[in-house]
Each structure stands twice: as structure tokens, then as C-alpha cells.
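> In the working numbering, the protein residues as written are -12 to 461. Ideal Cβ positions, reconstructed from N, Cα and C, are used throughout, including at glycine. Since the model is a prediction, treat every value here as computed from it, not as a measurement.
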Amino acid sequence: MQRVLEALHQGDYDTAFETLVRTLTFAQGEAAKEASLLLAEAYTLYGEGGLEGAYRALEEGREAYPDLEVHPRYRALLAELRALEGASEGEVKSLLIENDDPQAQYHQAQALLYLGLPEEALGVLERFLFAEEGTAPLALPDFLAWRAHALQGKAYERLGQPREAALAYRKAAQGAMGLERYWNLLDAAAMFVEAGEGEEALEVLAEARENLSDPGLGAPVSPESLIKDPEDAATQAYLEARAHLLLGNPNRALEAIAQALELEKQGAEPAHGTPLVQGQALMQLGQYQAAIEAFREAASRAEDTDRTYALHELGVALLESGDAAEAETYLREVVRDPDYGYLGEAWGDLAETLYRQSRYDEARQAAEQAIALEALSAGHLILGHLAYDLLNLEEALEHYQIAAQEAPEGSRDWVSANEMVVDVLAQMGFARPQEIVARAEALMPFLADSDEWRDTLQGYVERARAMLGGRTLN
């Protein structure tokens, strides 16, 4: 079986299947039993496309060796196949038995993941991925060893733990070969992006490029041809763009996304994420009209909640461009999607559109809805504006302070809230000059040289320092 295991690990599936079929034809006893199980395992690598072959291999093995049906791996494989077909949790779990066969445990974990039970799948995987102190980990054949880490990555991904998923996919890539290594690196990069770790994502993408050009991968397809594959190249360019956005490099992001858009013209599947990231980069550069067109294209390509997200971005871009009325149209569509994950933020943005249109009662209601949905910074910012306009400065200050505290540092809401805290304190007679200086100095790195707030804040700082007797903060 060693030749088969090596072929499976190297991705040489033709050799593996040919050898297994020949073994089943001529071998007897334990060798034939093992061949039938291994053939079924090989078929499971194809997911739904391997169902028929896997069932056939198990059935032929059981007919020749009736005692095979009590073998832990046979039952685990059968459980995986049934779970993949959509069988109930009870039916699948009835096939799972306690055992110390690492291959059986791998297929049990896969079955649990198909059932939508990622935490239970991780529990099984830990039995052979993380051995107890003083004991050796259970050994899997190479073709399953890296897949166990990939399975771990999928489980973490479904649990919303992107960093852990990224590390697992990267570990899988270390054991995989050829395209599978490359794909695991792309998965790792995608999860690093989701975790907000742009540097790590770019590092993994660079590793993916190096692997494709490495002739020692044992890939069944020449690395030179893989580099030119438009689908893989477009995915890589898209991830590079997202990573650069995280790092505050919008021009680099636009360069990468331009490559992705060109690759779509060359045959890669058009994705809504490509113009979406293009629009986000353009927003960082203050090119609102171009961003609006990119977000419109993203919305036209997207479906369901992905479309809602694109519409939300479109509404914000219109708001930033000064078209509050059209922004309201799209944001009202966004807040009607009960499955959207950023409803609170959308209500906050809608509140701003209404405020800018002087529809103050509606703006207050939308802001309160944002707060109810835990978008505290967006909601309190608008309530602060409403109180400020009525010269209720104490109330305005309270709202602005909450908004500044709740918003991520450097975000649009954080900057606006802190600007208004400083302004209100100034309007109240510079009652807390130390706070004025501290907040203004914290704001400066986030303001463009052309931002009119820079001069205003500088004036406030000079006055506050004069009140402090010229002292500066440590």
C-alpha cells in the first residue's frame, strides 16, 4: 500500500486508483480489506463527486468480508458519506464508535463537520493533532495528515475564528503538495485578511507565489501553467488588494484590484468582491464619484446579503459625496434586510442622511434604533449633533463622549466624535483644557493637511495651553 499512499499524497490519483483496483482484483485477506477501505477513502477526497465510487468500494469490501462492517474506519467512512448526503445527526452519530484508529477519527471529524458541528469536529481532531504530554500523536498517512489541518481550518472558519483558521490552513500547506499547497496558502491568506492581519496575509501570498514557481512541489501540473491560471491569479490579486487596504495602502490596493479586474476579462469568474474592494480603496483616497460607480457594479454582481453589503457601501459613498437623498434610498433598502450583519451601523448611517436633510425627528428615531442594535458610536454621534444644534451642550457632550469611546480609534465616527468633544468643551468656556489638548493632539495624525479642522483644533490647543500657563502634557 505504500505506493498508493505516496501517489495519493502527491496528487497522482490515476496511479493510486489503478493500483487499488488491481489489488482488489488479485489480493485476498487483510490486503484486500485494506484496499477496499483505502479506495473508499480516496473517493471521499472528491466530496459529492466521489459518493458513488466510495459506496461501491465499501459495498464490494463488505460483500467479500462481512466482518468489515464492524471495522471503525468502515463505519466512519459510511457516516461521512451519509452526512454528506444530508442524513440526520442521529443517523450519522449512530455509526460512530470509540476507536484508536486515526484514519477512522479523521473521517468521523469530517462527518461531524458535514453535520454542521464544527466544535465536535475539532474535539475529534484534537485527539491526533494535539497529543497529551508524554504521548506521541496518532499517525495519519501523509495524504490525510495535511487534510486534517485543513479540516481544522474549516471548523475554525465556521466558528468565526479567522486567525486560528489561518494558522491551521498554513499548517496544512506545509504538508500538502502542488495545487493543494497553493490553495491552502490562499485560504490562509483569506483568513488572515478576515482577522485584520494584512502583513501576515501578504507574507502568505508571497509564499504562495514562491511555491508555484518551485519545481520541487511534485505537482501533477507544471507550475508555469498554474501561474497563468486566471482564476487563481485573480483570487490572489483580490486578497493582495484587501491586505493593502488593511494596511492603509489604497494605491497599492488599486494596483492589485486592477490586475484582478483584467484577469476577469481573461476568463476568471467575475466576483462582486472585486469592484467592492475597488470602491473601498477609492473611498480611502477621497475619490467618491469613482467609488460610487464601483459600488454600483458590486451591487449588480452580488446576491442576498452580499448585495446588501454593497448597497450599504454605496449609500455611505453617496453620503460622503454630499448626496444624502440618494444615499437614503439605498440605506432604507439595507435596513429592510433582517439577515444583514451590520444593521445597527446601517441605521446610524441612515440617521446621518436624515440629519443632513434637516429631518430631525426621523434622524433621532433612526439614531435610537442604531443604539438599540448596539451601533453606539453612530447613534450617539447623531444624537450629539441634534443636542448641539439646540445648544444643549451638556447633553451633546455626553453623547459625543460615548461615541468617541465606542468607535474604533481612527475611524470616521471616532474622528468626528472627538472633534466635537473638543469643540463643545471650547464652547463651554474651556472648562477642561487638559482634555482639549489631549484629544486634539490625538486627532492630528488622522487629519489630512488640507482638513479645515486642523486649524480649528490648533487654535483650541493654543488657547487651552495658555489657560494651563503654557504647560504641555507629559
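Within 8 Å, do at least three Cβ pairs link the region -3 to 13 to the region 155 to 172?
Yes, they touch.
> Assuming contact is defined by CB atoms lying nearer than 9 Å, are residue 174 and residue 147 in contact in what I supplied?
By one-based count along the sequence shown, residue 174 stands at place 187. By one-based count along the sequence shown, residue 147 stands at place 160. Not closer than 9 Å, so no.
> Between which residues of its own chain and residue 283 is the CB-CB distance below 7 Å, once the five residues before and five after are set aside?
The residue given as residue 283 occupies position 296 in the sequence shown. The residues are 301.
> What number of angstroms, rounded off, separates the C-alpha of residue 194 from the C-alpha of residue 155?
Here the question's residue 194 lines up with position 207 in the sequence shown. Here the question's residue 155 lines up with position 168 in the sequence shown. Straight-line Cα distance between these residues: approximately 16 Å.
> Write down the C-beta distance between residue 243 and residue 189 rounded to the nearest angstrom, noting that I regard them as a contact closer than 8 Å.
Here residue 243 refers to the residue found at position 256 when the sequence shown is read from its first residue. Here residue 189 refers to the residue found at position 202 when the sequence shown is read from its first residue. Between residue 189 and residue 243 the Cβ distance is about 10 Å, and since that is not below 8 Å, they are no contact.
> Taking contact to mean at least 3 C-beta pairs separated by less than 8 Å, is the region 305 to 318 in contact with the region 272 to 280?
With the cut-off at 8 Å, the region 305 to 318 and the region 272 to 280 touch.
> With distances taken from CA atoms, which of 134, 56 and 379 is nearest residue 82?
In the sequence shown, residue 82 corresponds to position 95, counting from 1. Among 134, 56 and 379, the Cα nearest to that of residue 82 belongs to 56.
> Take residue 225 and list the residues in its own chain whose beta-carbon comes closer than 8 Å to its own, dropping the five residues that flank it on each side.
Position 238 of the sequence shown, counted from the first residue, corresponds to residue 225. Answer for residue 225: 243, 244, 247, 258, 260, 261 and 264, listed in chain order.
> Assuming contact is defined by CB atoms lying nearer than 9 Å, are residue 342 and residue 299 in contact in what I supplied?
By 1-based counting over the sequence shown, the position of residue 342 is 355. By 1-based counting over the sequence shown, the position of residue 299 is 312. No, these two residues do not count as a Cβ contact at 9 Å.
> Consult DSSP for residue 453 and reduce its assignment to one of helix, strand or coil.
Looking up residue 453 in the sequence shown gives position 466. Helix, per DSSP.
> In whole angstroms, what is the alpha-carbon distance linking residue 413 and residue 446?
Against the sequence shown, residue 413 aligns to sequence position 426. Against the sequence shown, residue 446 aligns to sequence position 459. So the alpha carbons of these two residues sit roughly 10 Å apart.
> Tell me the DSSP secondary structure of residue 34 in three-state form.
Position 47 of the sequence shown, counted from the first residue, corresponds to residue 34. It is helical.
> Which one of 89, 72 and 77 has the shortest CA to CA distance from residue 58?
On the sequence shown, residue 58 is found 71 positions in, with the first residue counted as 1. Nearest C-alpha to residue 58: 89.
> Pair every Cβ in the region 73 to 80 with every Cβ in the region 39 to 55, then say whether three or more of these pairs are closer than 8 Å.
Contact between the region 73 to 80 and the region 39 to 55 is absent, because fewer than three Cβ pairs lie under 8 Å.
> Do residue 369 and residue 406 have their CB atoms nearer than 9 Å?
For the purposes of this step, residue 369 is taken as the residue at position 382 of the sequence shown. For the purposes of this step, residue 406 is taken as the residue at position 419 of the sequence shown. In this structure, residue 406 does not lie closer than 9 Å to residue 369 by Cβ.
> Starting from residue 143, trace the alpha helix (DSSP H) in both directions and tell me its first and last residue.
The residue you call residue 143 lines up with position 156 of the sequence shown. Per DSSP, residue 143 belongs to the alpha helix (DSSP H) from 129 to 145.
> Check the C-beta distance from residue 255 over to residue 218 and give it rounded, since I have them as a contact under 8 Å.
Looking up residue 255 in the sequence shown gives position 268. Looking up residue 218 in the sequence shown gives position 231. The pair is a contact, with the Cβ atoms about 5 Å apart (cut-off 8 Å).
> Could you check what DSSP says for residue 327 in three-state terms: helix, strand or coil?
Mapped onto the sequence shown, residue 327 falls at position 340. Coil at residue 327, not helix or strand.
> DSSP three-state label for residue 460, please.
Within the sequence shown, the letter at position 473 stands for residue 460. Model confidence at residue 460 stands at a pLDDT of 43, short of 50, so the residue's coordinates are unreliable; what they give is reported in the following sentence. Residue 460: coil per DSSP, three-state reduction.
> Please list the terminal residues of the continuous alpha helix (DSSP H) segment that includes residue 108.
By 1-based counting over the sequence shown, the position of residue 108 is 121. Run containing residue 108: 105 to 116, per the alpha helix (DSSP H) assignment.
> Please look up how many angstroms separate the CB atoms of residue 400 and residue 365, rounded, as I've assumed it's under 8 Å.
Counted from its first residue, the sequence shown places residue 400 at position 413. Counted from its first residue, the sequence shown places residue 365 at position 378. Correct: roughly 6 Å between the Cβ atoms.
> When the distance is taken between beta carbons, is residue 266 closer than 9 Å to residue 289?
Position 302 of the sequence shown holds residue 289. Position 279 of the sequence shown holds residue 266. No; because the gap between Cβ atoms is not below 9 Å, this pair is not in contact.
> Taking the alpha helix (DSSP H) that residue 367 falls in, what are its first and last residues?
As a position in the sequence shown, residue 367 is number 380, starting the count at 1. Unbroken alpha helix (DSSP H) run through residue 367: 363 to 376.
> Between the C-alpha atoms of residue 7 and residue 23, what's the straight-line distance to the nearest angstrom?
For the purposes of this step, residue 7 is taken as residue 20 along the sequence shown, with counting starting at 1. For the purposes of this step, residue 23 is taken as residue 36 along the sequence shown, with counting starting at 1. About 8 Å.
> Under the three-state reduction of DSSP, which class applies to residue 194: helix, strand or coil?
Within the sequence shown, residue 194 is the residue found at index 207, counting from 1. In the structure shown, residue 194 sits in a helix (DSSP, three-state: H, G or I).
> Pick out the complete alpha helix (DSSP H) segments inside the region 396 to 432, 4 residues or longer, and give them in chain order.
Complete alpha helix (DSSP H) runs here, min 4: 399 to 414 and 420 to 430.
> Going straight from the alpha carbon of residue 363 to that of residue 153, what length do you get?
Position 376 of the sequence shown, counted from the first residue, corresponds to residue 363. Position 166 of the sequence shown, counted from the first residue, corresponds to residue 153. When rounded, the distance between both Cα atoms is 31 Å.
> Tell me which residue opens and which closes the alpha helix (DSSP H) that residue 238 is part of.
Residue 238 sits at position 251 when you count from the first residue of the sequence shown. Residues 237 to 252.
> Could you check where the alpha helix (DSSP H) with residue -9 kicks off and where it finishes?
Position 4 of the sequence shown, counting from 1, holds the residue named residue -9. -11 to -3 is the extent of the alpha helix (DSSP H) around residue -9.
> Based on Cα-Cα distance, which residue from 47, 395, 64 and 145 lies nearest to residue 34?
Reading the sequence shown from its first residue, position 47 is the one you call residue 34. Residue 64 is the option with its Cα nearest to residue 34.
> Between 382, 94, 104 and 102, which lies nearest to residue 465 when the distance is taken from Cα to Cα?
Nothing in the structure corresponds to residue 465, since the chain is present only between -12 and 461.
> Consult DSSP for residue 270 and reduce its assignment to one of helix, strand or coil.
One-based indexing of the sequence shown puts residue 270 at position 283. Three-state DSSP puts residue 270 in a helix.
> Just the C-alpha distance for residue 1 and residue 235, rounded to the nearest angstrom, thanks.
The count along the sequence shown starts at 1 and reaches residue 1 at position 14. The count along the sequence shown starts at 1 and reaches residue 235 at position 248. Each residue's alpha carbon lies about 47 Å from the other.
> Given this structure, state the Cα-to-Cα distance separating residue 92 from residue -9, to the nearest angstrom.
Taking the first residue of the sequence shown as 1, we reach residue 92 at position 105. Taking the first residue of the sequence shown as 1, we reach residue -9 at position 4. Looking at the two C-alpha atoms, the distance is approximately 20 Å.
> Quick one: residues in its chain with C-beta nearer than 8 Å to the C-beta of residue 313, no 5 flanking neighbours on either side, listed in chain order?
As a first step, residue 313 is located in the sequence shown; it is residue number 326 there, counting from the start. Counting only Cβ-Cβ distances below 8 Å, and skipping sequence neighbours, we find 305.
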